[in-house]
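A.B. asks: Counting from 40, one number per residue, gives the positions in the sequence shown under our numbering.
Backbone N, C-alpha and C define an ideal beta-carbon position, used for all residues, glycine too.
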Amino acid sequence: MATGTVKWFNSEKGFGFIAPDDGSADVFAHYSAINSGGYRSLDENDKVEYETQQGPKGPQAANITVLR
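#1: What I want to know is whether the C-beta of Val66 ends up closer than 7 Å to one or more non-hydrogen atoms of the ligand GTP.
#2: I'd like to know whether the C-beta of Gly43 is nearer than 8 Å to at least one C-beta of chain D.
#3: Going by the CB atoms, is the gap between Phe56 and Ala41 shorter than 8 Å?
#4: Which value, in whole angstroms, describes the spacing of the CA atoms of Ala72 and Ala101?
#5: Measuring alpha carbon to alpha carbon, tell me which of Thr44, Lys52, Gly43 and Ile103 ends up nearest Gly76.
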């Protein structure tokens, strides 16, 4: 599992980007990949853990969990 920080997330559109802690390219984050019940959203600067998959436009996060 990789870790990173939420760079930005648009709740209305349901997506944003994560800046990986290892300094690699930003990773696309879609609300459907967030592990939480109810309303799925991320806040800027949240620390997260995730798996990286190859999406249609580049790296994409899966199984996103906010580290509290």
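C.D. replies: Per the coordinate set shown:
#1: Within the structure as shown, the ligand GTP is missing, as the structure has no ligands at all.
#2: Going by chain labels, chain D is absent from the structure shown, which holds only one protein chain.
#3: Numbered from 1 along the sequence shown, position 2 holds the residue referred to as residue 41. Numbered from 1 along the sequence shown, position 17 holds the residue referred to as residue 56. Taking 8 Å as the Cβ cut-off, Ala41 and Phe56 do not qualify as a contacting pair.
#4: What you label residue 72 is simply residue 33 of the sequence shown in a count that begins at 1. What you label residue 101 is simply residue 62 of the sequence shown in a count that begins at 1. Looking at the two C-alpha atoms, the distance is approximately 5 Å.
#5: Here residue 76 corresponds to residue number 37 of the sequence shown, with the count starting at 1. Distances from the alpha-carbon of Gly76 to those of Thr44, Lys52, Gly43 and Ile103 put Ile103 closest.
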